[in-house]
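Student:
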Amino acid sequence: MLDSPSQERAPAAKTRRARLLRLSDTMIALLCVLALLDGVLSIPLQNDDAVTTVWTFSNNTWIENLAIRDSGDILCSSLNRAALYLVNPFEHTATTVHQFDNTDGVLGIAEVWNDVFVVVTCDVDVATSLAIAGSAKAWEVDMSAWELEEASAVTLIANLTSVGIPDGVLTLPSVSGVVLIADAGNGIIWRLDTCSGEYGIAIQDPLFRTTNTLVPLGVDGIHLLNNNELYFTSIGDSFLGRVMIDELGTALDLATVIANMTLPDDFAFGANGTAYLVGANTPYQALPGGEVIVLAGGANDAVQEGATSAAFGKTIEDRDMLYISTNGGMLAPVSGRIVGGQIAAVNVRLFS
């Protein structure tokens with residue numbers, strides 16, 4: 009197993025040890041039961057040979073979200089180490105981009121301009137799925153400036169004091185510098201102008217708020233298809249949903265459920281518009297008719313233990329590779345063993 013990132017280029021601020029957050033035995037048992045529920049409509053022969061490990065972080069490192077640079081490098085956020093990492097999937101190396109002070113968790117990432125990313129942070133108690141009120145923030149990370157070792161590479165955009173748990177982030181293609189942020193804690197999608205720092209509610213919908221008191225997390229992963237179809241996951245209620253939006257991110261109708269699967273966290277769209285989701289140690293493929301296919305792994309499989317996010321490669325060499333981040337089983341460890349969070353790669357061509 010590989011160690012934590014070996015090429016440290018973080019600012020001079022001293023890296024602090026984040027709190028190690030654990031679920032109670034009761035919550036772990038409940039999540040394990042949920043993970044065993046069969047919400048899948050079609051299950052072909054799984055192919056764990058299609059999964060390779062790109063990078064393994066040290067134990068008790070929760071990797072929460074991914075964003076892919078045009079260079080092919082993978083930006084990875086850590087929920088419990090307050091860090092943003094950079095993984096090179098071709099050379100199998102990792103670097104610390106930034107260590108955030110005065111926060112526990114780094115969550116969603118989205119590219120807002122060329123090689124400039126919006127990153128959201130928050131103090132989250134994983135044991136209760138609750139955030140410390142007023143702790144959410146949005147940051148700008150300029151990777152070109154970071155490569156030049158400029159001090160201005162990471163800057164604060166706004167204090168998101170009304171946001172509960174900011175997780176999924178997407179960029180609106182028709183409005184420069186504006187992103188949508190999924191608030192899993194409050195069940196709201198917010199709109200943030202990254203230039204002015206102003207933010208407000210973009211969409212409220214009954215499906216965004218979960219009815220699950222054991223996993224009280226609603227709208228989480230959010231992505232656009234065809235510029236006006238906003239797809240989202242609900243972890244607590246275990247489904248993939250969709251709502252039509254206008255160019256400003258305002259809903260044009262009520263959200264609907266597209267497909268059901270166990271504890272979906274995040275997802276990515278393939279070139280043909282097929283959604284590839286991750287959750288319960290498993291990557292899924294959701295077909296247009298609502299059919300769900302398990303590609304690899306499973307509730308008791310440690311291949312992708314605690315899968316949290318997914319993103320496709322951007323280069324010729326890896327555009328068919330679905331990169332998956334994991335938390336190493338920190339929520340519900342397979343066989344009671346927590347391992348290091350990982351970046352794994354799934355070759356989706358093997359399932360076409």
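If you want our numbering, it's the position in the sequence shown, counting the first as 1, plus 8. Heads up, the beta-carbon is just placed ideally off N, CA and C, and yes, glycines get one too. All of these numbers come straight from a predicted model, not from anything done at the bench.
Under the three-state reduction of DSSP, which class applies to Trp121: helix, strand or coil?
Tutor: Looking at Trp121 - three-state DSSP - the assignment turns out to be strand.
Student: Do the CB positions of Ala276 and Gly298 come within less than 8 Å of each other?
Tutor: Cβ atoms of Ala276 and Gly298: not closer than 8 Å.
Student: In three-state DSSP terms, what is Glu148?
Tutor: It is a strand residue.
Student: For Ile371 and Glu325, what's the separation of their Cα atoms in angstroms?
Tutor: This structure cannot settle anything about residue 371, because the visible part of the chain is limited to 9 through 360.
Student: List the endpoints of the continuous beta strand (DSSP E) containing Ala190.
Tutor: Residues 186 to 191.
Student: What is the DSSP secondary structure of Val262, reduced to helix, strand or coil?
Tutor: Note that residue 262 is Leu in the sequence shown here, rather than Val. Three-state result, Leu262: coil.
Student: Exposed or buried, which one is Thr241 when buried takes at least 16 other CB atoms within 10 Å?
Tutor: The residue is buried, with at least 16 neighbouring Cβ atoms inside 10 Å.
Student: Let me check understanding here. Comparing Cα to Cα, which of Val251, Leu232, His106, Asn110 lies closest to Gln212?
Tutor: Looking at the Cα atoms, Val251 is the closest of the given residues.
Student: So, are the CB atoms of Thr61 and Ala118 less than 8 Å apart?
Tutor: Cβ distance not < 8 Å, so Thr61 and Ala118 don't count as in contact.
Student: Run through DSSP, which three-state label would Ala319 get?
Tutor: Three-state DSSP puts Ala319 in a strand.
Student: Buried or exposed, going by whether 16 or more other CB atoms sit within 10 Å of the CB of Val183?
Tutor: Burial call: exposed.
Student: Assign Arg357 to one of three DSSP states: helix, strand, or coil.
Tutor: Arg357: helix per DSSP, three-state reduction.
Student: Using CA coordinates, which residue listed in Ser137, Glu206, Ser333, Ser152 is at the minimum distance from Ser86?
Tutor: Cα-wise, what sits closest to Ser86 is Ser333.
Student: So the candidates are Glu72, Leu215, Asn220; which of them puts its Cα closest to the Cα of Ser265?
Tutor: Note that residue 265 corresponds to Val in the displayed sequence, not to Ser. Comparing Cα-Cα distances from Val265 to each of Glu72, Leu215, Asn220, the minimum goes to Leu215.
Student: Any contact of the region 228 to 238 with the region 199 to 208, i.e. 3+ C-beta pairs under 8 Å?
Tutor: No, because fewer than three Cβ pairs between the region 228 to 238 and the region 199 to 208 fall closer than 8 Å, the two stretches do not touch.
Student: Which stretch, first to last residue, makes up the beta strand (DSSP E) that contains Phe275?
Tutor: Element bounds for Phe275: 274 to 277.
Student: Is it right to say Ser152 is buried, meaning 16 or more other beta carbons lie within 10 angstroms of its own, or is it exposed?
Tutor: Under this definition Ser152 is an exposed residue.
Student: Looking at the secondary structure, which residues open and close the beta strand (DSSP E) in which Asn73 lies?
Tutor: First-last of the beta strand (DSSP E) with Asn73: 71 to 76.
Student: Going by DSSP, name the residue or residues bridged to Thr179.
Tutor: According to DSSP, Thr179 bridges with Val187.
Student: Give the range of the beta strand (DSSP E) segment to which Arg199 is assigned.
Tutor: Residues 196 to 201.
Student: The ligand COA heavy atoms versus the CB of Thr179: any closer than 7 Å?
Tutor: No copy of the ligand COA occurs in the structure displayed, which carries no ligand at all.
Student: Can you tell me where the beta strand (DSSP E) with Ser85 in it begins and where it stops?
Tutor: Element bounds for Ser85: 82 to 86.
Student: Please classify Ala161: does DSSP put it in a helix, a strand, or coil?
Tutor: Note: Ala161 maps to helix in three-state DSSP.
Student: With DSSP collapsed to three states, give me the class of Glu299.
Tutor: Glu299: coil per DSSP, three-state reduction.
Student: Which residues mark the beginning and the end of the beta strand (DSSP E) in which Arg250 is found?
Tutor: Note, Arg250: beta strand (DSSP E), 247 to 252.
Student: Would you mind working out which of Glu155, Asn335, Val162 sits nearest Gly348, comparing C-alpha positions?
Tutor: Ranking Glu155, Asn335, Val162 by Cα distance to Gly348 puts Asn335 first.
Student: Within a Cβ cutoff of 7 Å, which residues of the same chain sit near Trp63, ignoring the five residues on either side of it in sequence?
Tutor: Contacts found: Leu10, Val95, His100, Ala102, Gln350, Ile351.
Student: Mapping DSSP to helix, strand and coil, what is Pro224?
Tutor: Three-state DSSP puts Pro224 in coil, outside helix and strand.
Student: Which residue from Gly142, Ser79, Phe98 puts its Cα closest to that of Asn110?
Tutor: When only C-alpha atoms are compared, the closest one is Gly142.
Student: Name the one or two DSSP bridge partners that Asp112 has.
Tutor: DSSP output for Asp112 lists no bridge partner at all.
Student: Looking at the unbroken beta strand (DSSP E) that takes in Glu325, where does it start and where does it end?
Tutor: It is not in any beta strand (DSSP E) - Glu325 carries neither H nor E in the DSSP assignment.
Student: With DSSP as the reference, label Gly142 as helix, strand or coil.
Tutor: The answer is coil: DSSP assigns Gly142 none of H, G, I, E or B.
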